[in-house]
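The structure appears below as structure tokens.
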Amino acid sequence: MFSFQQWAAQIHSFLLEKTGTYTLLIECIIIGILAISLFAILGLVLVLMERKVAAHIQIRMGPNRVGPAGMLQTVADTLKLLMKEGLVPRLADKFLFNLAPFLVMMVAMMLLAPIAFARGVQIWDINIGVLYITAVSSVSVIGVMMAGWSSNNKFAMLGAMRSGAQIVSYELSAGFSILCIVVLSGSLQISDIIASQESGWWLFRGHIPVLIAFVIYIIAVTAETNRAPFDLAEAESELTAGFHTEYSGMRFALFFLAEYINIFIVCALGATLFLGGWMPLHIAHWDGFNHLMDWIPSSVWFMGKTFFLIFLIMWFRWTFPRLRVDQLLNLEWKYLLPIGLLNLLLVTWIAIKGWHF
Amino acid sequence: MYAETQIISSSENNPQLKEGQLVINVGPQHPATHGVLHLVITLEGETIVKIEPHLGYIHRSIEKMSESLSYRQFIYVTSRMDYLSAHINNLGCALCVEKGMQIEVPARAQAIRIIMSELTRIASHELWIGAMAMDLGAMTPFFYTFRERETINDIMEQTCGARLTMNYMVPGGVMYDLHPEFVTRVRAFITQFKDKVTELEDLVTNNIIFRNRTEGIGILSKEDAISFGCTGPVARASGVDGDIRKRFPYTGYEQLDFEQCLHQAGDSFARYIVRIREMYQSIRIIEQLIDQIPEGDFQAKTKAVIKLPKGEFYTRVETARGELGVYIISEGGTTPYRIKYRSPGFSNLSALDHMARGSKIGDLMATMGTLDLVIPDIDR
Amino acid sequence: MTKEEMITWILGIEPAATTDDTGEWLVVQVPVDKWKNFAACIHKGPPALDFLFCLTAVDWKTHLCVVYHLRSSRTDETMVVKVQLDRDKPQIDTVCDIWRTAEFHEREAFEMFGITFHQHPDLRKLILPDDFNGYPMRKDFEDPVNMIKL
Amino acid sequence: MFIKEYIKEVYQGVSSLLKGMKKTGYYFFHPSEIITQQYPDNRHELKLPERFRGEVVMAHDDNNEHACTGCTACELACPNGTIKIITKMDLTPEGKKKKALDTFIYHLELCTMCNLCIEACPTNAIQMAQTFEHSVYDRNKLTKKLNQPNSKIREGVE
Numbered sequence: 046m047f048s049f050q051q052w053a054a055q056i057h058s059f060l061l062e063k064t065g066t067y068t069l070l071i072e073c074i075i076i077g078i079l080a081i082s083l084f085a086i087l088g089l090v091l092v093l094m095e096r097k098v099a100a101h102i103q104i105r106m107g108p109n110r111v112g113p114a115g116m117l118q119t120v121a122d123t124l125k126l127l128m129k130e131g132l133v134p135r136l137a138d139k140f141l142f143n144l145a146p147f148l149v150m151m152v153a154m155m156l157l158a159p160i161a162f163a164r165g166v167q168i169w170d171i172n173i174g175v176l177y178i179t180a181v182s183s184v185s186v187i188g189v190m191m192a193g194w195s196s197n198n199k200f201a202m203l204g205a206m207r208s209g210a211q212i213v214s215y216e217l218s219a220g221f222s223i224l225c226i227v228v229l230s231g232s233l234q235i236s237d238i239i240a241s242q243e244s245g246w247w248l249f250r251g252h253i254p255v256l257i258a259f260v261i262y263i264i265a266v267t268a269e270t271n272r273a274p275f276d277l278a279e280a281e282s283e284l285t286a287g288f289h290t291e292y293s294g295m296r297f298a299l300f301f302l303a304e305y306i307n308i309f310i311v312c313a314l315g316a317t318l319f320l321g322g323w324m325p326l327h328i329a330h331w332d333g334f335n336h337l338m339d340w341i342p343s344s345v346w347f348m349g350k351t352f353f354l355i356f357l358i359m360w361f362r363w364t365f366p367r368l369r370v371d372q373l374l375n376l377e378w379k380y381l382l383p384i385g386l387l388n389l390l391l392v393t394w395i396a397i398k399g400w401h402f
Numbered sequence: 024m025y026a027e028t029q030i031i032s033s034s035e036n037n038p039q040l041k042e043g044q045l046v047i048n049v050g051p052q053h054p055a056t057h058g059v060l061h062l063v064i065t066l067e068g069e070t071i072v073k074i075e076p077h078l079g080y081i082h083r084s085i086e087k088m089s090e091s092l093s094y095r096q097f098i099y100v101t102s103r104m105d106y107l108s109a110h111i112n113n114l115g116c117a118l119c120v121e122k123g124m125q126i127e128v129p130a131r132a133q134a135i136r137i138i139m140s141e142l143t144r145i146a147s148h149e150l151w152i153g154a155m156a157m158d159l160g161a162m163t164p165f166f167y168t169f170r171e172r173e174t175i176n177d178i179m180e181q182t183c184g185a186r187l188t189m190n191y192m193v194p195g196g197v198m199y200d201l202h203p204e205f206v207t208r209v210r211a212f213i214t215q216f217k218d219k220v221t222e223l224e225d226l227v228t229n230n231i232i233f234r235n236r237t238e239g240i241g242i243l244s245k246e247d248a249i250s251f252g253c254t255g256p257v258a259r260a261s262g263v264d265g266d267i268r269k270r271f272p273y274t275g276y277e278q279l280d281f282e283q284c285l286h287q288a289g290d291s292f293a294r295y296i297v298r299i300r301e302m303y304q305s306i307r308i309i310e311q312l313i314d315q316i317p318e319g320d321f322q323a324k325t326k327a328v329i330k331l332p333k334g335e336f337y338t339r340v341e342t343a344r345g346e347l348g349v350y351i352i353s354e355g356g357t358t359p360y361r362i363k364y365r366s367p368g369f370s371n372l373s374a375l376d377h378m379a380r381g382s383k384i385g386d387l388m389a390t391m392g393t394l395d396l397v398i399p400d401i402d403r
Numbered sequence: 002m003t004k005e006e007m008i009t010w011i012l013g014i015e016p017a018a019t020t021d022d023t024g025e026w027l028v029v030q031v032p033v034d035k036w037k038n039f040a041a042c043i044h045k046g047p048p049a050l051d052f053l054f055c056l057t058a059v060d061w062k063t064h065l066c067v068v069y070h071l072r073s074s075r076t077d078e079t080m081v082v083k084v085q086l087d088r089d090k091p092q093i094d095t096v097c098d099i100w101r102t103a104e105f106h107e108r109e110a111f112e113m114f115g116i117t118f119h120q121h122p123d124l125r126k127l128i129l130p131d132d133f134n135g136y137p138m139r140k141d142f143e144d145p146v147n148m149i150k151l
Numbered sequence: 003m004f005i006k007e008y009i010k011e012v013y014q015g016v017s018s019l020l021k022g023m024k025k026t027g028y029y030f031f032h033p034s035e036i037i038t039q040q041y042p043d044n045r046h047e048l049k050l051p052e053r054f055r056g057e058v059v060m061a062h063d064d065n066n067e068h069a070c071t072g073c074t075a076c077e078l079a080c081p082n083g084t085i086k087i088i089t090k091m092d093l094t095p096e097g098k099k100k101k102a103l104d105t106f107i108y109h110l111e112l113c114t115m116c117n118l119c120i121e122a123c124p125t126n127a128i129q130m131a132q133t134f135e136h137s138v139y140d141r142n143k144l145t146k147k148l149n150q151p152n153s154k155i156r157e158g159v160e
């Protein structure tokens, strides 16, 4: 069976043999390079995917000129953005203006650490993995606010303020949905959560409350990543481009990339929590079926689930109109939060009684 | 005589602004203004305190231009005013010239004119629905409505020779006869339209986000609609029965059976619904005519050089946006002495400030979107 | 209401007005100083001419003429009111407190013909640039750069 | 009941959203509905309607003859000054002087394709062509001379 785990072990022993004490350092560098290249590839793939999904929903063909079936379109776009001049407005706060895209990007990179990509492929299996993700992802709002404030542009400023209100409120709902799974699996560690889904994914085992938690999670993370229909921070028909109005060239590309990386991470987390991460589809006591499912590599399972969720979020984006600011907050505080709280109680009750499958 | 316009200002350098207020410029380059409309908006947080339109970015002074063009030539310029209902603009001008010349238009030409006008109206409303949904953040309906609009454009292209600025109307009738395939293609379009327009129900009309964004937003009362001179769907959504086709019928609308779509709510959703229902009425009008277009001439015989008698002539037609008035003052020569186009968008725009005050910026997009502003129509 | 009835109604309001019923619609000429009062009366009605659907000005070379097209929103009475102005110093009272649509139309007439509308709340240029000189819709307007004579 | 209405509201909202997603999902999974035209690739099968107004051309027959008498009706009919006709004096076989076309200048960059010149032409000498790819790098190329060199008026056209 194909597995990254063996490779990793082989490389590790090889390095240990050759370099001895520097192994850790070299491994860190390798991981860093891998993470950055994963970022680049993910960015390219996700942008292309978004454009293709949008095109097909909108009865168009999407990019189809650069490369076979338009596959290299995003590469060309990236090259264009690299060559573009990065303008800084005259009265902008230059330090913060330049820092903001990197901050947003760094947050996205840090979030990558506890994600389990396949069986045994995880950068850092921290024992508070879920907490770490919720904590770090809130830092990205600082980058957005920084960008909006330092641009010295009223549209950017309005967008940043909206984004602040939005992300801070929707983190609550996302947190409650995550807590549901934490309660069920009894651990904050990503590997433990995945292991707890050995006999079936939580989405199927947890009755309706987990289903509700999943829906709330998807809505909340759509809002957290500033995606339509919650893209108020960059509502183009109202605020032109919102917080990144004044950004151009590579700085803009970093924002753009960070948005897609964030989507990937929240979807990966959603897949891990609700759909078992890299865990193949297992049904308790069906050993033959489970064995068959194990033949599909775990990385394929993980990527498949994550991209399914990403597709779902893209589908939202190209279907719905945008909400208004007060409606957005109403949705959170009047609907999602009360439902989420009640739901958490239900899930806890289920977990205590052991009613889940 | 007048105070200098301050385009960009904040509370620091503008003593008129109160603490906490800020001024933003929506336009002339802004995704929501569909053209080069420039709105200077005073905000308090997200709430709109005042809207001040600045016009004229594409003012071509069509009125002045028309003073030097002959009565045959000036018609084509009006296609460039409200380019989405170019046919109806042309029709208004042709009717005004015919009124001055006192010529009778053949029955066939009249039927063709009505069918073309109604097709134009459907095309315009289709575009509007797409563009308005896009203003509210839903990108996809735009493409679905454009698919239907494209069919109309193709029909227009086949018969009139152009897709947008047709210049199909001439004084005394239409420029050429219908294309042989016209009738079958229009029938096919009607089937397609009835099939596909229901998609909008799922995507836009019943969508809870759309409903929340438009219901109760940008309310224009009946009294205000009259006072601001609003016409067209904007006025009808407020309950003003001002459909020119019904109240002051022209070119044979009086023989047709159709309803004037009225709504009493006066909010953005009412304007949306009125336009949707109007498309169905347009289809109804086309259905009545398409099978019995009278035979005969498509153009009345006119002299090569048209001279209007001395006097004043005013005609009004119902474009997709409202009442277009063409006011020609003739001194008896080959060119008009003065032409005034009473454009619907200009009056409708003046109500924007009243409608949007006190609402959020997001609501402004819903209000402005449902006014269906076409900027060349406002600027002329 | 027939044209004859309207004429008697109008002359009852404003004896100085002259009427002309040869055209499609009744045309009333009102002296400029009586206009504001007259406008308020015809707006009140009956028949309430509450819909000002066209406001424009015409340059007759000897004088300027402001033309108001009015109709009732309930009934079909339509009336054209013309007010003659002095060409060198055109001044008239605003009617935008009676028909609010007049606000924009008067601003347009102001910049295109140079007519001053007294008590207009915001009489600034609407369409033309702020530093534009001259009144382009007047017959004697010449712009050697942008106007192309065919 | 407050709770009942609350749940009903949520249910109606969610179901309206799902209906919209069903519609867009239908199009996503039905690529046959795509209406994009691959424009520069489909050039050879692209057929414009015969009435399409692309540019004004003057038809010449095999003998390099056209039907333009140089009457300037089109020039007068044109609202934009797009057409400029230069005439010359020809000698007829009988030795009489006769006005004839020298150069038919057509400014494509001014033309709005309003068709008024075609309508005005008494001899059907000019027509609208269906070409539409008019972009050039030099604006001067848009000023065209419509009559071909050494062409002359067809016999019998008055």
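Protein chains in written order, with this note's numbering: chain A, 46 to 402; chain B, 24 to 403; chain C, 2 to 151; chain D, 3 to 160. The C-beta atom is built at its ideal place from N, Cα and C for all residues, glycine as well.
Run of the beta strand (DSSP E) containing threonine 351 of chain A, from where it starts to where it stops: Where threonine 351 of chain A is concerned, there is no enclosing beta strand (DSSP E), although the alpha helix (DSSP H) it sits in stretches over 343–362.
If the cut-off is 8 Å on Cβ atoms, which residues from the segment 48–66 of chain C count as contacting chain B, listed in chain order? Asp51, Phe52, Leu53, Phe54, Cys55, Thr57, Val59, Asp60
If you measure from the beta carbon of methionine 24 of chain B to each beta carbon in chain D, is any gap under 8 Å? The pLDDT assigned to methionine 24 of chain B is 32, lower than 50, so where the model puts this residue is not dependable; a value taken from the coordinates is nonetheless given after this. Cβ-Cβ to chain D under 8 Å: no for methionine 24 of chain B.
Under 7 Å by beta carbon: chain A residues contacting asparagine 176 of chain B: Result: empty, since nearest Cβ-Cβ is about 16 Å, beyond 7 Å.
Give the residues from the segment 213–244 of chain B that approach chain D closer than 7 Å (Cβ to any Cβ), ordered along the chain. Glu222, Asp225, Leu226, Asn229, Asn230, Ile231
With 16 as the cutoff for other CB atoms within 10 Å, does valine 395 of chain B come out buried or exposed? Reading the sequence as shown, one finds aspartate at residue 395 of chain B and not valine. Classification for aspartate 395 of chain B: buried.
Serine 32 of chain B versus isoleucine 47 of chain B - alpha carbon distance: Unreliable positioning characterises serine 32 of chain B in this predicted model, as indicated by a pLDDT of 41, which lies under 50. A coordinate reading is not provided.
Going residue by residue through the segment 257–285 of chain B, where are the continuous alpha helix (DSSP H) segments of at least 4 residues, counting only ones entirely within it? 267–270
Using a Cβ cut-off of 8 Å (strictly closer), state whether phenylalanine 166 of chain B contacts chain A. yes
Taking any Cβ of chain D, which residues in the segment 98–113 of chain A have a Cβ under 9 Å from it, in chain order? Val98, Ala100, His101, Ile102, Gln103, Ile104, Arg105, Met106, Gly107, Asn109
Establish whether the CB of isoleucine 37 of chain D and some CB of chain A are separated by less than 8 Å. yes
Span of the alpha helix (DSSP H), counted from its first residue to its last, around asparagine 48 of chain B: Note, asparagine 48 of chain B: premise wrong, no alpha helix (DSSP H); beta strand (DSSP E) at 44–49.
Report yes if the CB atom of glycine 188 of chain A is closer than 8 Å to the CB atom of valine 149 of chain A, and no otherwise. yes
Can you give, in chain order, each stretch of the beta strand (DSSP E) that sits fully within the segment 159–200 of chain B and has at least 3 residues? none
Test item: CB-CB of glycine 204 of chain A and alanine 85 of chain A under 8 Å: no
Buried or exposed: which applies to phenylalanine 133 of chain C, given that a residue is buried once 16 or more other Cβ atoms fall within 10 Å of its Cβ? exposed
Might you give, ordered along the chain, the residues of its own chain that have their beta carbon closer than 6 Å to the beta carbon of glycine 345 of chain B, omitting 5 neighbours on each side? Thr254, Gly255, Pro367
Given a cut-off of 8 Å on the beta-carbon distance, is the pair lysine 140 of chain C and aspartate 60 of chain C in contact? yes
Evaluate the contact criterion for the segment 138–156 of chain D versus the segment 104–114 of chain D: three or more CB pairs, one atom per stretch, below 8 Å. yes
Give the DSSP-derived three-state secondary structure of alanine 313 of chain A in the structure shown. helix
Against glutamine 372 of chain A, what residues of chain B qualify as contacts under a CB-to-CB distance less than 9 Å, listed in chain order? Ile232, Asn235, Arg236, Gly385
Within 8 Å of any Cβ in chain D, is that where the Cβ of tryptophan 323 of chain A sits? no
Against methionine 198 of chain B, what residues of chain D qualify as contacts under a CB-to-CB distance less than 8 Å, listed in chain order? Asn117, Glu121
The segment 310–329 of chain A / the segment 239–258 of chain A touching (three or more Cβ pairs under 8 Å): yes
Using a cut-off of 7 Å between C-beta atoms, extract the partners of proline 51 of chain D located in chain B. Glu180, Gln181
Any beta carbon of chain C sitting closer than 8 Å to that of isoleucine 249 of chain B? yes
Just to confirm, are valine 33 of chain C and valine 84 of chain C a CB contact at a threshold of 8 Å? yes
Cutoff 8 Å: threonine 143 of chain B Cβ touching any chain D Cβ: no
Stretch-stretch touch, CB-based, cutoff 8 Å, three pairs: the segment 65–79 of chain B with the segment 8–26 of chain C: no
Any 3 or more C-beta pairs closer than 8 Å across the segment 19–28 of chain C and the segment 359–379 of chain B: no
What is the residue span of the beta strand (DSSP E) that cysteine 55 of chain C lies within? 52–60
Starting from serine 230 of chain A, follow its DSSP beta bridges and name the residues at the other end. None, per the DSSP bridge assignment.
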